[in-house]
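What follows is a short report on a single structure.
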Amino acid sequence: MIRNVRNALTRRSVLMGGVVMAMGMASLSPANAQDAASRIVIGTTADVVNFNPLVGNSRSDTWVTNLMYPRLMQMTDKGSKDPYVATDWGYSEDGLTAWMDIRGDMTWNDGTPFTADDIVFTVTAVTTEKIGVTAGLIPSFVSATAVSPTRVEFTLSRPDSTFLTNIGFWMPIVPKHAFPEVGQVAAFANDKDWVSVGPFALTEVNAGQNYLLTAVDNYPLVEAGKATVDEVEFRVFPDVNAQALALRAGDLDLIANSLPAPIARTLQGQPGITLAQAPSLGWSHVLYNMTDEQLSKLEVRQALSHAVDYEAIRAIAMQGLATSTNSSAISPVLSYWADPEAKEYAFDPELSKKILTDAGYTDANGDGFFDGLEFSLLYEQSAADIANWAQIMKDGATKAGIKINLTGLERNTYLARGREKDFDIYAGNWAVMEEPAAYLGLAYRTGGFINYASISDPDLEKLIDEAQAATTPEAVKVPVQAAAKLISEKVYDNVLYYQTFQFAYNSDKWDGFVVQPSDLLSLVNPLSLASVKPKN
Amino acid sequence: MTMTNTSTTAPTLPPADLKPAQRTWRAFRRNPLGMGSAAVILLMVLVALIAPLLAEFPSGYGIEILMPPSAAHPFGTDDLGRDVLAQVIWGTRISMIIGFASSFLAILIGVALGILAAYAKRLDAPISMLVDVSLALPVLPLMILVAALVGPSVTTLVVVIALFSWPEVTRIVRSQALSVTRLPYVDAARTIGGSHFWIMTRHLLPAVAPIIVVSVVLTASRAVMSEAGLSFLGLGDPESWSWGKILFNAQRSGALTVAWWCTLFPSLAILLLVVSSTLVSIAYNDARNPKTREN
Numbered sequence: 003m004i005r006n007v008r009n010a011l012t013r014r015s016v017l018m019g020g021v022v023m024a025m026g027m028a029s030l031s032p033a034n035a036q037d038a039a040s041r042i043v044i045g046t047t048a049d050v051v052n053f054n055p056l057v058g059n060s061r062s063d064t065w066v067t068n069l070m071y072p073r074l075m076q077m078t079d080k081g082s083k084d085p086y087v088a089t090d091w092g093y094s095e096d097g098l099t100a101w102m103d104i105r106g107d108m109t110w111n112d113g114t115p116f117t118a119d120d121i122v123f124t125v126t127a128v129t130t131e132k133i134g135v136t137a138g139l140i141p142s143f144v145s146a147t148a149v150s151p152t153r154v155e156f157t158l159s160r161p162d163s164t165f166l167t168n169i170g171f172w173m174p175i176v177p178k179h180a181f182p183e184v185g186q187v188a189a190f191a192n193d194k195d196w197v198s199v200g201p202f203a204l205t206e207v208n209a210g211q212n213y214l215l216t217a218v219d220n221y222p223l224v225e226a227g228k229a230t231v232d233e234v235e236f237r238v239f240p241d242v243n244a245q246a247l248a249l250r251a252g253d254l255d256l257i258a259n260s261l262p263a264p265i266a267r268t269l270q271g272q273p274g275i276t277l278a279q280a281p282s283l284g285w286s287h288v289l290y291n292m293t294d295e296q297l298s299k300l301e302v303r304q305a306l307s308h309a310v311d312y313e314a315i316r317a318i319a320m321q322g323l324a325t326s327t328n329s330s331a332i333s334p335v336l337s338y339w340a341d342p343e344a345k346e347y348a349f350d351p352e353l354s355k356k357i358l359t360d361a362g363y364t365d366a367n368g369d370g371f372f373d374g375l376e377f378s379l380l381y382e383q384s385a386a387d388i389a390n391w392a393q394i395m396k397d398g399a400t401k402a403g404i405k406i407n408l409t410g411l412e413r414n415t416y417l418a419r420g421r422e423k424d425f426d427i428y429a430g431n432w433a434v435m436e437e438p439a440a441y442l443g444l445a446y447r448t449g450g451f452i453n454y455a456s457i458s459d460p461d462l463e464k465l466i467d468e469a470q471a472a473t474t475p476e477a478v479k480v481p482v483q484a485a486a487k488l489i490s491e492k493v494y495d496n497v498l499y500y501q502t503f504q505f506a507y508n509s510d511k512w513d514g515f516v517v518q519p520s521d522l523l524s525l526v527n528p529l530s531l532a533s534v535k536p537k538n
Numbered sequence: 018m019t020m021t022n023t024s025t026t027a028p029t030l031p032p033a034d035l036k037p038a039q040r041t042w043r044a045f046r047r048n049p050l051g052m053g054s055a056a057v058i059l060l061m062v063l064v065a066l067i068a069p070l071l072a073e074f075p076s077g078y079g080i081e082i083l084m085p086p087s088a089a090h091p092f093g094t095d096d097l098g099r100d101v102l103a104q105v106i107w108g109t110r111i112s113m114i115i116g117f118a119s120s121f122l123a124i125l126i127g128v129a130l131g132i133l134a135a136y137a138k139r140l141d142a143p144i145s146m147l148v149d150v151s152l153a154l155p156v157l158p159l160m161i162l163v164a165a166l167v168g169p170s171v172t173t174l175v176v177v178i179a180l181f182s183w184p185e186v187t188r189i190v191r192s193q194a195l196s197v198t199r200l201p202y203v204d205a206a207r208t209i210g211g212s213h214f215w216i217m218t219r220h221l222l223p224a225v226a227p228i229i230v231v232s233v234v235l236t237a238s239r240a241v242m243s244e245a246g247l248s249f250l251g252l253g254d255p256e257s258w259s260w261g262k263i264l265f266n267a268q269r270s271g272a273l274t275v276a277w278w279c280t281l282f283p284s285l286a287i288l289l290l291v292v293s294s295t296l297v298s299i300a301y302n303d304a305r306n307p308k309t310r311e312n
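Same order as they appear, the protein sequences are chains V and D. Each position in the first sequence, counted from 1, maps to that position plus 2 in the working numbering. Each position in the second sequence, counted from 1, maps to that position plus 17 in the working numbering.
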């Protein structure tokens, strides 16, 4: 028997809830509705590689497919989930069944109703074919049933407090009637005749140039019942410098990419251009490869953690657009989960030297570096912020007598080396880490989907298991905080900061964007582009 | 007679009494563009050699981020507050090393194959075909591919650039050497029993030496351009500074459009080197050619 255990997360109406900030929601004049087709031009720096939203994972992929395939819940700036397509959800008392109610007024753009069957199809395809990160997030899933067109029930193998919110945010829903059978979904290119249910339908693709989406007539998730703007064009630019020039020239209305600090600074004072900020729900960090003989020693990791000038990284490399996570894997932005007692590692190269000396390390050849302590720091060469702080990190380590060689690689090689765990120290960032019980498992459990550092600690896994089995937020909080503390004490992950993203748009022409957290959602989330309207 | 003696006594000596090298030098000296360009190249070599005396290696960070040129920082600062002048000075060193090392390697391969093709008739066709194929390859994408696969470092850049620069040298050297192989003194050398290696190194190589001099300079300048291109695409050595890397940093950080000093000075350095190399080559060629040489 299923008992309605009310979701403990904040609940508001769809329009008001989950929205971080609604900017200048000026009322739409009747004249506007009569205007000729209005088009908002959005700049991106990469083509859409994959139109299958379950497979595509680049930012451009996400920005475009987000407008076509809905997520069931939307994310608040605290990382919690609010109703969106899903209106209500909960777990049975024993935690082995979950349920979700959805809206009944949505239709795919070919006229087919959007129903619970689509959700069952999607979750079954994702788990059967193990597609993307979502599959790794919901190992407890057993089966799903559409008990009515607007209600789905899930059978779980064990109580899992993160199951519903994970599929609620991380799993875009695809049309059962327009996608191939389960078993062939991951291989489905979905590159033409799109059947979608977002505020816009993709109508034209010119690779290397632009992607044109047209507003659909039925999008009940906004007050007007459909998007205010008629067309959305994603235009491909070579880089963010070119985008900034186009925005200044009036050729572009919004830059989807987050702006590097120098560009943001120059756009700040420009007439007609407004900067919006969005918090990142992810973080930037360095991982130490635990299979390395030296890095597997706690003293070496501790020494490295005290050899990082955290303040300089945030003030200089990030130019103030970053906030400390107190060296915790649960950053304070996730205010419900974060441990207020967490404290950042002190930048103290002398302490690093003392730790190493006490551990028996010496500098026999007198070159200023402890013998045997030479590591390569792997990072993505084209990521400006990380490349900058990698240099700061190297300088800090040098002061502590640890030699770091910078290994900046182009993106694909870097990603491959990370996945293959072919590094000593790995610098990078996770885009969205909002549900501690879920991501701790992914990142720190033995064999976890993103456990690049090969961390394996039974005590840590016990805490993660405990958190994932708990069915109330209160019961989850204690073990996740204990896990974060353990990660910090054992220096399994050195979390440096979470970033504040900046985005620029033409405020002379456009009004009414809805900012959501992370650069995956930011100003280009479906609700925002369905709400934005031309001025005058 | 030494070079110094030549220069002091030159006006009194009839040109016919001078050795060819002296005649070339004498004509070269009279070309102000050539001399100016040679001075620029020598200056750059000097800067590369004494870089540690001129500026500290740009590392770490400063609080003056993206400051325009000032007395403290004549070339301004970058997005980490590092001095751009120091970057250009140290960049000269790496750009020069890569330029000349890859040029040396390319010349080595190019000259060997060029002479071999000209001298050994049976090898001429396959080598010429190899050169044609190599020249037809899309060089930049291949360089990017190789550099990306092997991983960025100064050595990678040197090898990659050299591997794609030798065919032009081979073609020029072969055509020059071909005309020499038909000369009677090569036949004479063969008649007296000289080995093939001896004939190629003692008779053909000196005959193509002037071409090699021009090729070294031009290949080096092209190598510097290639290095700048690869570094600008993010395939440079992250541990060292080159002119291309300064440009890449500016582009990556978003300073490209907002801090002109981050791009102007390294670009000027590349421009100066390439223009100077070309002018030196032209001046040298003119000075060596009796038809274009004055006197």
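Backbone N, C-alpha and C define an ideal beta-carbon position, used for all residues, glycine too. These numbers were taken from a predicted model, which means no experiment stands behind them.
Give every residue of the same chain whose Cβ lies closer than 6 Å to the Cβ of residue i, excluding the five residues on either side of it in the sequence, and list them in chain order.
i               : result
A148 of chain V : A118, D119, V122, V154
L254 of chain V : V43, G45, A248
G398 of chain V : A309, V310, D311
Q104 of chain D : P75, W258, I263
F371 of chain V : G403, K405
Q36 of chain V  : Confidence at Q36 of chain V is low in this model, with a pLDDT of 43, below 50, so its placement is unreliable and no value can be given for it.
L465 of chain V : P481, A484, A485
Quick one: measure Cβ to Cβ for residue i and residue j, integer angstroms, because I've assumed they're closer than 8 Å.
i               : j               : result
L531 of chain V : V231 of chain V : 7 Å
L50 of chain D  : A300 of chain D : 6 Å
L442 of chain V : V478 of chain V : Their Cβ separation, rounded to whole angstroms, is 10 Å, which puts L442 of chain V and V478 of chain V out of contact at 8 Å.
T129 of chain V : F143 of chain V : 5 Å
I257 of chain V : A319 of chain V : Actually they are not in contact, since the Cβ atoms of I257 of chain V and A319 of chain V sit about 21 Å apart, beyond 8 Å.
Y494 of chain V : I457 of chain V : 5 Å
Can you check which of these residues, the options, is closest to residue i by C-alpha distance?
i               : options                        : result
D467 of chain V : V:I457, V:I452, V:R447         : V:R447
D311 of chain V : V:T474, V:E412, V:E491, V:S329 : V:S329
S378 of chain V : D:R199, D:G168, D:V203         : D:G168
R239 of chain D : D:T218, D:A205, D:S196, D:F181 : D:F181
K178 of chain V : V:F171, V:W172, V:Q186         : V:Q186
D103 of chain V : V:S150, V:A203, V:G81          : V:S150
N111 of chain V : V:G200, V:S333, V:Y290, V:K401 : V:G200
A305 of chain V : V:P351, V:R267, V:T325, V:S337 : V:P351
D219 of chain V : V:E233, V:K401, V:N208, V:Y213 : V:E233
L380 of chain V : V:P222, V:H287, V:A180         : V:H287
Listing by chain order, which chain D residues have their CB less than 7 Å from the CB of residue i?
i               : result
P262 of chain V : S270, G271
S150 of chain V : Ordered by position in chain D, no residue passes the 7 Å Cβ test against S150 of chain V, which lies about 52 Å from the chain.
T268 of chain V : V275
Taking residue i as the query, report the chain D residues whose CB atoms sit under 9 Å from its CB, ordered along the chain.
i               : result
D241 of chain V : Q268, R269, G271, L273
Any heavy atom of the ligand GDP inside 7 Å of the beta-carbon of residue i?
i               : result
A100 of chain V : What this structure holds is no ligand at all, so the ligand GDP is not there to describe.
Skipping 5 residues on each side, what residues in its chain have a beta carbon closer than 7 Å to that of residue i?
i               : result
P262 of chain V : V242, A386
N538 of chain V : none
A137 of chain V : V128, T129
D369 of chain V : none
T67 of chain V  : F53, P55, G58, P174
In terms of DSSP beta bridges, what is residue i paired with?
i               : result
F505 of chain V : V:A278
K345 of chain V : Note: K345 of chain V sits in no beta bridge, so no partner.
Taking C-beta pairs closer than 9 Å, name the residues in chain V that residue i reaches, listed in chain order.
i               : result
G98 of chain D  : I318
I82 of chain D  : A263, P264, I318, Q321
P169 of chain D : Q383, T409, G410, L411, E412
Could you list which residues in chain V have their beta carbon closer than 8 Å to that of residue i, in chain order?
i               : result
A276 of chain D : P264
S259 of chain D : Ordered by position in chain V, no residue passes the 8 Å Cβ test against S259 of chain D, which lies about 13 Å from the chain.
E256 of chain D : N407, L408
Just to make sure I have the definition right: I need the residues of chain V whose C-beta is within less than 7 Å of the C-beta of residue i. Which are they?
i               : result
G246 of chain D : Those do not exist, as G246 of chain D stays about 14 Å from chain V at its closest Cβ, beyond 7 Å.
A165 of chain D : E412, T415
Run through chain D and tell me which residues come within less than 8 Å of residue i, C-beta to C-beta.
i               : result
S384 of chain V : G251, R269
Q76 of chain V  : Those do not exist, as Q76 of chain V stays about 30 Å from chain D at its closest Cβ, beyond 8 Å.
D495 of chain V : Under the 8 Å cutoff, chain D gives no residues; its nearest Cβ is about 23 Å from D495 of chain V.
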